[in-house]
Amino acid sequence: MKKRWIYGVIIFLCLTSIGLAIDWWTALPEGEQATYVGRQTCFECHQQQAEEWKESDHDLAMNPATPEFVLGDFDNTELEHFGITSRMSREGDKYYVNTQGPDGEMSRFEVKYVIGVHPLQQYLAELERGKIQVLPVTWDTELKRWYYASPDEPFGPEDPLHWTGSAQNWNHMCAECHTTNWAKNYDIATDTHHYSFSEMRVSCEACHGPGSIHVKLANSHSLFWDRRYGYGLAKLKGEDATAQLESCAPCHSHRRHVSPGHTPLDRFHDHYALSLLEDHLYHPDGQIDEEVYVFGSFTQSKMYRKGVRCTDCHNPHSLKLKFEGNKLCTQCHLEAKYDVPGHHHHKVDSKGAACVECHMPTKTYMGVDPRRDHSLRIPRPDLSVKLGTPNACNQCHTKVDETPEWAAKKVDEWYGPKRRDDPHYGEILAAGQAGNPDAERALIKLTREKEVGPIVRATAVSLLASRYDTPESRKVVERSLKSNEELVRMAALRGFEGWNPRSEAEASRVGKLLAEGLTDDSRGVRTEVARILSSLPIMPNTDSNRKALERALKDYKNNLLTDGDQSGSHMSLGILYANEGDLKKAEAEFRLAIKLAPAVAGARSNLAQLLEQQGRTQEAQELRSEEVELLARDARLLPDNALLQYRVGLLYYLLGREDEAASALEKACELEPQSADFRLMLTLLYEKQQKWEQALDSVKRLIQLQPENPTFRQIQMNLQQKANPQGK
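Heads up, the final residue of the sequence shown is numbered 1560 in our numbering, and it's a clean run with no missing numbers.
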């Protein structure tokens, strides 16, 4: 009897084990595609999270313009801005703004949607063919007033910065991050947007991914989640913080598109390319300057390197901070060591004693929106003295005698003069951006520094790639193509823009090196390699490489066509077709780029070059005459942009306006003294003008930039002979 009982238990356990094994092994088929199910489906099981999400900034990211959501005063109120008076009115449940329209005339526009709730709200109007624009008036929800988010004088309806222009186009600039499951669906042939989204607002599936597989598994009778798909959503809680950070990054970063269709189930760099610490986006030390959002800043921080993630500080559903005050920081940092006057040297409970005031200073955007710098840096007023950067101390200490020098002295008194990260990477990057020859060695060292974020290393590689054409820098750039960090590999590719091999052996070696990138595990790297290879006099050396190039170029073209409403996409397509030898398609793309953005410089120069190659000289010169006015306008607006000065100088030269060309090229060389391209063009112009003294001085500087370049030495010899033909 006892044996029977034991046998029964054994049989039962065996059958149970087999059943469990079968249950675990049974899985959804491979290739199951997740679809969007909507937040109400999620709310059925996740009621607490739903309650937290309601009324959050994500919930109120975008809504229809109804009395429930419109906060602005539309009771026949007016706002005057540089001679244009906008009038806000209401008729029943509809809201209107009367303002300058795309034709320059005053017109009335119905408000279709609202964006945001705190500390401002913006209003959207739908123009013809599905084009939605952000109206020029903004409601300050704190001070209850109308104002212009851009305080500068508008350039007029033909300008991209006008509210009807491309810079204020919701379809391209806003929609992706204010809706869930956004698709642009732009039709190039009819110039029409057939946009779609699953939901207004940043809803559940915007962060967790499409939920159909999760719902199917949750409603099944299995004891296990699926062995192939897990629980069917993005894994945002794993040991590795990457998945969560890259779920937030698409909307909380300054980036460009690589490929459409991103969901939180995908990798960030397969769909986006993160902007580096460029001098027009960040201050030299990496502090936020332009509106770069959060992710790029955070990747500079020690917190990022230690695996801290967004939800360590923020409730992911309400978006509120997990703790108030310094408790937020002391959940990790020892309170007895850091939340005391001995550390912060300010009165307890004062503003100066708040961790975030020193380590996350703010900058105000859109006139009323202060945002914290997430690089979580140590205050460095000494860098303000050296580099002119802002610092946390002088945000509060603003008296006449409370200068950055004063603040730096105080910090030295409190903590001593030495810093563990001296020289700060900001000093190195600033020197590199200025083209300082002495910065090259420090930049090379910075590319190997592990105590900085990957965005810092990538920026150092980018500067070496674009400004230091020496054997030492080239070695670092080529080595960086094999980095295990996608951002660094992308930065290294900048070293091959317009690259000309100096020998067949070099062309073969670099061609093979670049071809390896065609099978990179990052789509961003693959497509960038393909784009660059299309413009170089080298091609992949095997059939498999050629097929990989075709696939990567197809991805690249598809992404550009997805943003077919953008002039820049068609300009890039035109360049690609020209590289491929399809001049007819290239011309069509350049002309479409001009049609979409007639006030934007760039496409006319490319089209003029293309037409000139075909002997259509008169058309080319007419285009250049139009282009030079646009570039000269941009150069006036951005006088410190060396590339703009170079481009306008080059156009003046091609138009025969040599004195204006020399002035612009001299300015470009002054702004970026390390550019051999700028210096070479100026040297050749001096030669054409027979300004021998200036030409000889310029070629001397050219040789100092690249001592081993035989072409430059030949130019010097030719100039010496022309300047002194009798050999005197």
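Where is the CB? At the ideal position from N, CA and C, for every residue including glycine. Quick caveat: nothing in here was measured; it's all calculated off a predicted structure.
Query - CB of L1483 within 8 Å of CB of E1519, strictly - result: Between L1483 and E1519, the gap from beta carbon to beta carbon reaches 8 Å or more.
Requested in this report: Run the CB neighbour count on C877, radius 10 Å, all protein chains shown included, and call it buried at 16 or more, exposed below.
Outcome: Exposed, by the Cβ-count rule.
Query raised in the report: Rounded C-beta distance between L1365 and L1346? I'm assuming under 8 Å.
Result: For L1365 against L1346, the beta-carbon gap comes to about 6 Å, under 8 Å, which counts as contact.
Requested in this report: Would you tell me roughly how many angstroms separate the C-alpha atoms of Q1265 and D1254, rounded to the nearest one?
Outcome: For the pair Q1265 and D1254, the Cα-to-Cα distance works out to about 18 Å.
Query raised in the report: Helix, strand or coil: which one does DSSP assign to P968?
Result: P968: strand per DSSP, three-state reduction.
**Report entry** Which of helix, strand or coil DSSP assigns to L1487
**Finding:** Correct three-state label for L1487: coil.
Query raised in the report: Going by other Cβ atoms of all chains shown within 10 Å of its Cβ, with 16 needed for buried, is G1258 buried or exposed?
Result: The residue in question, G1258, is buried, as its Cβ has 16 or more Cβ neighbours within 10 Å.
Query - Beta-bridge pairing of W978 - partner residues as DSSP gives them - result: Answer is W971, bridged to W978.
Query raised in the report: Taking the alpha-carbon positions, what's the N1377 to G1356 distance?
Result: A straight-line Cα-Cα distance of about 17 Å links N1377 and G1356.
Requested in this report: Use the C-beta contact count for R1549: other C-beta atoms within 10 angstroms, 16 or more gives buried, fewer gives exposed.
Outcome: Note that residue 1549 is Met in the sequence shown here, rather than Arg. By the C-beta density criterion, M1549 is exposed, having fewer than 16 other C-beta atoms within 10 angstroms.
Requested in this report: Kindly confirm or deny that the region 1074 to 1084 and the region 1053 to 1065 touch, where touching means at least three C-beta pairs closer than 8 Å.
Outcome: No, because fewer than three Cβ pairs between the region 1074 to 1084 and the region 1053 to 1065 fall closer than 8 Å, the two stretches do not touch.
Query raised in the report: Between S1340 and A1324, which are expected to be in contact by the criterion C-beta below 8 Å, what is the C-beta distance as a whole number of angstroms?
Result: In fact, because the Cβ distance is near 19 Å, the residues do not count as touching under 8 Å.
Query raised in the report: Grouping DSSP H, G and I as helix and E and B as strand, with all else coil, what is V1126?
Result: Here V1126 carries a coil assignment [DSSP, helix/strand/coil].
Requested in this report: Could you pull out every residue in the same chain whose Cβ sits closer than 7 Å to the Cβ of A1066, ignoring the five residues on either side in sequence?
Outcome: Within its own chain, the residues whose Cβ lies closer than 7 Å to the Cβ of A1066, once the five positions on either side in sequence are excluded, are H1040, G1041, A1075, S1079, P1096, L1097, listed in chain order.
Query raised in the report: With a CB to CB cut of under 6 Å and the five nearest residues on each side skipped, what residues in its chain are close to Y868?
Result: Around Y868: N1013, S1030, E1037, P1042.
**Report entry** For E1429, the nearest candidate out of N1003, G997, S1294, D1509 (CA to CA)
**Finding:** The question names Glu, but residue 1429 in the sequence shown is Ala. Looking only at N1003, G997, S1294, D1509, the smallest Cα-Cα distance to A1429 is reached by G997.
Query - Span separating the alpha-carbon of K1427 from that of I1020 - result: Cα to Cα, the separation comes out at about 12 Å.
**Report entry** Other residues of its chain near H1101: CB distance less than 6 Å, five sequence neighbours each side excluded
**Finding:** Same-chain partners within the cutoff: E1318, S1354, G1356.
Query raised in the report: From D1270 to Q1506, what does the alpha carbon distance come to, in whole angstroms?
Result: Spanning the two alpha carbons is a distance of roughly 11 Å.
Query - Coil, strand or helix - S1561 by DSSP - result: Absent from the model: residue 1561. The displayed extent of the chain is 833 to 1560, so no value can be given.
Query - Collapsed DSSP secondary structure at E1502 in the structure displayed - result: Reduced to three states, the DSSP call for E1502 is helix.
Report task. Report the rounded CA-to-CA distance for I1210 versus A1494, giving the unit in angstroms. Result -> I1210 and A1494 have their alpha carbons spaced roughly 44 Å apart.
Query raised in the report: Going by beta carbon distance, what residues of the same chain come within less than 8 Å of T898, once the five residues before and after it are set aside?
Result: Closer than 8 Å at Cβ, skipping near neighbours: D925.
Report task. Could you check how far apart the C-beta atoms of H1206 and V1126 are, in whole angstroms? I think they sit under 8 Å. Result -> Right, the Cβ-Cβ distance comes to about 5 Å (below 8 Å), so this counts as a contact.
Query raised in the report: Cβ of V1531 within 7 Å of any heavy atom in the ligand ATP?
Result: No copy of the ligand ATP occurs in the structure displayed, which carries no ligand at all.
Query raised in the report: Whose CA, out of H1026, T1359, A1380, lies closest to the CA of R1088?
Result: The shortest Cα separation from R1088 among H1026, T1359, A1380 belongs to T1359.
Query raised in the report: Between Y1197, R1204, D1201, P1193, which lies nearest to R1212 when the distance is taken from Cα to Cα?
Result: Measuring from the Cα of R1212, the nearest candidate turns out to be P1193.
Query - Contacting residues, own chain, Cβ-Cβ under 6 Å from D1214 (five flanking each side not counted) - result: A1240, listed in sequence order.
**Report entry** Completely contained alpha helix (DSSP H) runs for the region 1366 to 1395, where each covers 4 or more residues
**Finding:** Every alpha helix (DSSP H) stretch that sits fully inside the region 1366 to 1395 and reaches 4 residues is listed by chain position as 1375 to 1394.
Requested in this report: Counting only the same chain and skipping the five closest in sequence on each side, list residues whose C-beta sits under 7 Å from that of H1046.
Outcome: Cβ neighbours of H1046 beyond the five flanking positions: Y1063, G1064, L1065.
Query raised in the report: Whose C-alpha, out of I1535, V1432, K1389, R1448, is nearest the C-alpha of L1405?
Result: Of I1535, V1432, K1389, R1448, the residue nearest in Cα terms is K1389.
Query - Continuous beta strand (DSSP E) stretch holding N775: start and end - result: The first residue shown for the chain is 833 and the last is 1560, placing residue 775 beyond what the model contains.
Query raised in the report: Among K1183, K1048, L1153, D1244, which one has its Cα closest to the Cα of E864?
Result: The alpha carbon of E864 has as its nearest neighbour, out of K1183, K1048, L1153, D1244, the alpha carbon of K1048.
Query - Reference R1099; option with closest CA among N1001, N1411, P1116, L1077 - result: With distances taken between Cα atoms, R1099 lies closest to L1077.
Query raised in the report: Can you check whether the CB of L903 is closer than 8 Å to the CB of F941?
Result: No, Cβ-Cβ distance for F941 and L903 is not below 8 Å.
Report task. Reducing DSSP to helix, strand and coil, say where G1070 ends up. Result -> Assignment of G1070 by DSSP, reduced to helix, strand and coil, places it in the coil class.
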